[in-house]
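Here's the structure, in structure tokens; my notes come after.
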Ligand SMILES: [Zn+2]
Ligand SMILES: [Zn+2]
């Protein structure tokens with residue numbers, strides 16, 4: 239959905255309230271396609287904030303299934319979004335220090351899909367694990383090691399370590 243803010247920008251005391259839901263049922267984060275749900279619509283309030291200025295308030299709760307960083311099991315992760323952005327159309331998008339070019343790609347209307355994506359992206363956790371001691375998947379056979387051992391010999395020496403060992407060996411021989 240696109241929200242035309244031209245009236246809010248030009249008329250004092252003008253505001254608009256919108257209830258939005260993600261149009262797509264999954265978004266791509268860091269190369270993985272993650273299902274996105276929202277229990278109740280995300281609220282967006284846009285209000286005039288002076289000459290060619292508007293204030294954009296966004297508030298909502300969403301859930302994203304993020305794959306575990308070790309075993310790829312989807313981990314339902316809750317996001318609480320609460321943000322206030324100032325849109326100042328008298329300045330260039332990058333001049334006012336905001337990221338509005340992200341959710342207003344055309345510089346005139348708010349792209350609600352981009353807005354939700356932006357809010358999730360800026361809150362995205364660095365690392366997601368299904369549980370703190372997740373054992374991950376076997377790099378040889380792909381078995382989920384949380385379900386049990388696969389029996390593969392995974393004790394492959396790291397080639398970098400081997401190089402260091404060689405250096406030490408030579409050192410001792412001298
Ligand atoms: Zn895991
Ligand atoms: Zn294995």
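Numbering (my numbering), first residue to last: 239 to 412. From the three backbone atoms N, C-alpha and C, an ideal C-beta is built for every residue, glycine too.
Can you give the Cα-Cα distance for residue i and residue j, rounded to whole angstroms?
i: residue 371; j: residue 267; result: 24 angstroms
i: residue 363; j: residue 390; result: 32 angstroms
i: residue 241; j: residue 379; result: 50 angstroms
i: residue 320; j: residue 305; result: 24 angstroms
i: residue 236; j: residue 376; result: Shown here, the chain extends from 239 to 412; a query on residue 236 therefore has no answer.
i: residue 393; j: residue 401; result: 16 angstroms
i: residue 357; j: residue 368; result: 23 angstroms
Report whether the distance from the Cβ of residue i to the nearest heavy atom of ligand 2 is below 7 angstroms.
i: residue 378; result: yes
i: residue 381; result: yes
i: residue 388; result: yes
Within the continuous alpha helix (DSSP H) that includes residue i, where are the two ends?
i: residue 289; result: Element bounds for residue 289: n/a, residue is neither H nor E.
i: residue 248; result: 244 to 248
May I ask you to check if the CB of residue i is nearer than 7 angstroms to at least one heavy atom of ligand 1?
i: residue 308; result: yes
i: residue 368; result: yes
i: residue 311; result: yes
i: residue 372; result: yes
DSSP state of residue i, grouped into three classes?
i: residue 352; result: helix
i: residue 387; result: coil
i: residue 278; result: coil
i: residue 338; result: helix
i: residue 330; result: coil
i: residue 261; result: coil
From the beta carbon of residue i, is the nearest beta carbon of chain C less than 8 angstroms away?
i: residue 393; result: No chain C appears in this structure, which consists of one protein chain only.
If you check the beta carbons only, do residue i and residue j fall under 8 angstroms apart?
i: residue 260; j: residue 276; result: yes
i: residue 296; j: residue 274; result: no
i: residue 307; j: residue 366; result: yes
i: residue 317; j: residue 299; result: yes
Name the two residues that bound the continuous beta strand (DSSP E) containing residue i.
i: residue 361; result: Run containing residue 361: none; DSSP gives neither H nor E here.
i: residue 199; result: The requested residue 199 is not part of the displayed model; the chain covers only 239 to 412.
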